[in-house]
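Novice: One structure, as structure tokens, below. Some questions next.
Protein chains: 2
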Amino acid sequence: MQEKEQKRPLRNSKQRAIILEVLKSTKTHPTADWIYEKVRKKIPNISLGTVYRNLSVLKEMGKIMELNCGEKCSRYDGNPENHYHFVCLKCGRVFDVEGIDVNRKIDEEVSEKNGWEVFYHRMEFYGLCGECSKKND
Amino acid sequence: MQEKEQKRPLRNSKQRAIILEVLKSTKTHPTADWIYEKVRKKIPNISLGTVYRNLSVLKEMGKIMELNCGEKCSRYDGNPENHYHFVCLKCGRVFDVEGIDVNRKIDEEVSEKNGWEVFYHRMEFYGLCGECSKKND
DNA sequence: GCAGAAATAATAATAGTTACTAGTTTATTG
DNA sequence: CAATAAACTAGTAACTATTATTATTTCTGC
Chain A
6 MQEKEQKRPL RNSKQRAIIL EVLKSTKTHP TADWIYEKVR KKIPNISLGT VYRNLSVLKE
66 MGKIMELNCG EKCSRYDGNP ENHYHFVCLK CGRVFDVEGI DVNRKIDEEV SEKNGWEVFY
126 HRMEFYGLCG ECSKKND
Chain B
6 MQEKEQKRPL RNSKQRAIIL EVLKSTKTHP TADWIYEKVR KKIPNISLGT VYRNLSVLKE
66 MGKIMELNCG EKCSRYDGNP ENHYHFVCLK CGRVFDVEGI DVNRKIDEEV SEKNGWEVFY
126 HRMEFYGLCG ECSKKND
């Protein structure tokens, strides 16, 4: 239903594979620029535009996720399975939430009570991470 | 805890009052630009910068909420009480979710299981609104 | 009324992202 | 293998939302 049609036949792009590999290799949720810098170590003359374009393609392919947690720039997550995130209001880092399953029943509940067709939801928690919590403000 | 100190003594700004009034008067969740256009009908020579600055002040005052639902631009909500939102993937409109209470217990659960200090969370549902659902894609 | 600070309009600057362009690589098909 | 078409690319320009700056105006308490 929400699955997009495959508009273009995709080739096996070496750059795209490396971008995916870099993103999969980190547990952080990096920005496009961070990914660009990392990938540049493997493909020195890659351009930032290529990184953005391939991140967008990978997202369309359903291999990665794009996050918007209240910052001006997007962050990317190499794990396309729906899960929740935590944003530290002090250091700005984004973490995966562990130990809480995605509540799929709530989508139906929201659908029924509001007359919409709900496909999925996102949840982001905000606060202080362990490290930042220790440092007394 | 998360409450910011009042940095500057605020004056009763006419523009700010009208911006708040405009935002409170709609159930939509408008962008800064939409608000600017509306306010311009009452204060023709107001500048967009003033709108942005006052939205930011109103947010600091806790009178409004800023939303980031996966778009490149922010949307604003005249209701500062935490509540959930629904984004229509077709028309892009943002709605308040009715009939679902904010789950405050989950913040504690996330805190305990991950060792963070969680203050609040946000939840956004995605799908098709009633109108867009009727129109067969 | 006056001093000092807040608020303002207009404008410039910034940052993240996207679009464009001309050239390169790759898969495919005859 | 040669020809062709289309995906892909680096480099760069353009765009857009937002923020900062600046010179000026408006409040507000004394």
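These protein sequence lines are chains A and B, in that order.
Under our numbering, the first residue of the first sequence is numbered 6, with each subsequent residue one higher.
Under our numbering, the first residue of the second sequence is numbered 6, with each subsequent residue one higher.
Note that beta-carbon positions come from the ideal geometry of N, C-alpha and C, so glycine has one too.
At the 8 angstroms Cβ level, is L133(A) part of the contact set with chain B, yes or no?
Specialist: The residue you call residue 133(A) lines up with position 128 of the first sequence. For L133(A), the answer is yes, since a Cβ of chain B falls inside 8 angstroms of its Cβ.
Novice: Hey, F91(A) and Y131(B): beta-carbon distance below 8 angstroms or not?
Specialist: Stepping through the first sequence from its first residue, residue 91(A) is reached at position 86. Stepping through the second sequence from its first residue, residue 131(B) is reached at position 126. No, these two residues do not count as a Cβ contact at 8 angstroms.
Novice: Could you list which residues in chain A have their beta carbon closer than 9 angstroms to that of D112(B), in chain order?
Specialist: Reading the second sequence from its first residue, position 107 is the one you call residue 112(B). Correct list: F130, G132.
Novice: How would you write the range of the beta strand (DSSP E) that G120(A) sits in, first residue to last?
Specialist: Indexing the first sequence from 1 puts residue 120(A) at position 115. Taken as a continuous stretch (DSSP letters only), G120(A) belongs to no beta strand (DSSP E), as it is neither H nor E.
Novice: For K32(A), return the contacting residues in chain B, with the cut-off set at a CB-CB distance below 9 angstroms.
Specialist: What you label residue 32(A) is simply residue 27 of the first sequence in a count that begins at 1. The contacting residues do not exist; K32(A) stays about 13 angstroms from chain B at best.
Novice: Is it true that the CB of V99(B) sits closer than 8 angstroms to the CB of V115(A)?
Specialist: On the first sequence, residue 115(A) is found 110 positions in, with the first residue counted as 1. On the second sequence, residue 99(B) is found 94 positions in, with the first residue counted as 1. Against a cut-off of 8 angstroms, the Cβ pair of V99(B) and V115(A) comes out as no contact.
Novice: Does the beta-carbon of L25(A) have 16 or more other beta-carbons within 10 angstroms, so that it is buried, or is it exposed?
Specialist: For the purposes of this step, residue 25(A) is identified with residue 20 of the first sequence, where counting begins at 1. By the neighbour-count rule (16 or more Cβ atoms within 10 Å), L25(A) is buried.
Novice: Go ahead and label N119(A) buried or exposed: buried means 16 or more other beta carbons lie within 10 angstroms of its beta carbon, across all protein chains shown.
Specialist: As a first step, residue 119(A) is located in the first sequence; it is residue number 114 there, counting from the start. Buried: at least 16 other Cβ atoms inside 10 Å.
Novice: Which residues in chain B have a C-beta closer than 9 angstroms to the C-beta of Y125(A)? List them in chain order.
Specialist: Within the first sequence, the letter at position 120 stands for residue 125(A). The contacting residues are F130, Y131, G132.
Novice: Out of E86(A), K29(A), K46(A), state which residue places its alpha-carbon closest to the alpha-carbon of L60(A).
Specialist: Numbered from 1 along the first sequence, position 55 holds the residue referred to as residue 60(A). Minimum Cα distance to L60(A) is reached at K29(A).
Novice: Which same chain residues end up closer than 6 angstroms to K165(B) when comparing Cβ atoms and leaving out the 5 residues on each side of it in sequence?
Specialist: The requested residue 165(B) is not part of the displayed model; chain B covers only 6 to 142.
Novice: Are the Cβ atoms of E129(B) and R127(A) separated by less than 8 angstroms?
Specialist: One-based indexing of the second sequence puts residue 129(B) at position 124. One-based indexing of the first sequence puts residue 127(A) at position 122. In this structure, R127(A) lies closer than 8 angstroms to E129(B) by Cβ.
Novice: If we ignore side chains and look at the alpha-carbon of each, how far apart do N87(A) and V107(A) end up?
Specialist: Numbered from its first residue, the first sequence carries residue 87(A) at position 82. Numbered from its first residue, the first sequence carries residue 107(A) at position 102. Roughly 7 angstroms separates the two Cα atoms.
Novice: If you drop the 5 nearest sequence neighbours on each side, which residues of the same chain put their C-beta closer than 6 angstroms to that of K64(A)?
Specialist: Working through the first sequence from its first residue, we reach residue 64(A) at position 59. Once the five neighbours on either side are set aside, the close Cβ partners of K64(A) are E71.
Novice: Is any beta-carbon of chain A found at less than 8 angstroms from that of I105(B)?
Specialist: Translated into the one-based positions of the second sequence, residue 105(B) becomes position 100. At least one chain A Cβ lies under 8 angstroms of I105(B).
Novice: Taking Cβ-Cβ distances below 7 angstroms as the criterion, which residues of the stretch 61 to 75 of chain A are in contact with chain B?
Specialist: Answer in chain order: N73, G75.
Novice: Short check: CB of G135(B) to CB of W121(A), under 8 angstroms?
Specialist: Taking the second sequence and counting its residues from 1, one reaches residue 135(B) at position 130. Taking the first sequence and counting its residues from 1, one reaches residue 121(A) at position 116. Cβ atoms of G135(B) and W121(A): closer than 8 angstroms.
Novice: Just reading off the alpha helix (DSSP H) that E103(B) is part of, what are its end residues?
Specialist: Mapped onto the second sequence, residue 103(B) falls at position 98. That residue, E103(B), is in no alpha helix (DSSP H); it is neither H nor E in DSSP.
Novice: Checking contacts by CB at 8 angstroms: is K95(A) closer than that to chain B?
Specialist: If you number the first sequence from 1, residue 95(A) lands on position 90. So no, K95(A) is outside the interface.
Novice: I want to see whether chain A comes within less than 8 angstroms of Q11(B), judged by CB atoms only; does it?
Specialist: Locating residue 11(B) in the second sequence gives position 6, where the first residue counts as 1. Its pLDDT being 48, under 50, Q11(B) is placed unreliably by the model, and the measurement read from it follows with that caveat. No - not a single Cβ of chain A is within 8 angstroms of the one on Q11(B).
Novice: Going by Cα to Cα distance, which pick from I111(A), G67(A), T33(A) is closest to G104(B)?
Specialist: By one-based count along the second sequence, residue 104(B) stands at place 99. Checking every option, the nearest Cα to that of G104(B) belongs to I111(A).
Novice: What does E86(B) touch in chain A if you count any residue whose Cβ is under 9 angstroms from its own?
Specialist: In the second sequence, the residue the question calls residue 86(B) occupies position 81. Near E86(B) there are no residues of chain A at all, since even the closest Cβ is about 16 angstroms away, more than 9 angstroms.
Novice: Under 9 angstroms between beta-carbons, which chain B residues line up against V56(A)? List them in chain order, please.
Specialist: Position 51 of the first sequence, counting from 1, holds the residue named residue 56(A). Correct list: empty, because the minimum Cβ distance to chain B is about 17 angstroms.
Novice: Out of L15(A), T31(A), N84(A), P85(A), which has the shortest C-alpha to C-alpha gap to R58(A)?
Specialist: Position 53 of the first sequence, counted from the first residue, corresponds to residue 58(A). The option with the nearest alpha carbon to R58(A) is L15(A).
Novice: Against W39(B), what residues of chain A qualify as contacts under a CB-to-CB distance less than 9 angstroms, listed in chain order?
Specialist: Counted from its first residue, the second sequence places residue 39(B) at position 34. Result: empty, since nearest Cβ-Cβ is about 19 angstroms, beyond 9 angstroms.
Novice: Identify whether G132(A) lies in helix, strand or coil by the three-state DSSP scheme.
Specialist: Reading the first sequence from its first residue, position 127 is the one you call residue 132(A). In the structure shown, G132(A) sits in a strand (DSSP, three-state: E or B).
Novice: Between the Cα of N84(A) and those of V27(A), C78(A), Q20(A), I51(A), spot the shortest distance and give me the residue it belongs to.
Specialist: On the first sequence, position 79 is the one that residue 84(A) refers to. The shortest Cα separation from N84(A) among V27(A), C78(A), Q20(A), I51(A) belongs to V27(A).
Novice: Leaving out the 5 sequence neighbours to the left and right, which residues in its chain are closer than 6 angstroms to R144(B) when beta-carbon positions are compared?
Specialist: This structure does not reach residue 144(B), given that chain B is present from 6 up to 142, and the question cannot be answered.
Novice: The alpha helix (DSSP H) spanning L28(B) covers which residue range?
Specialist: For this step, residue 28(B) is matched to residue 23 along the second sequence. Start and end: 19 to 29.
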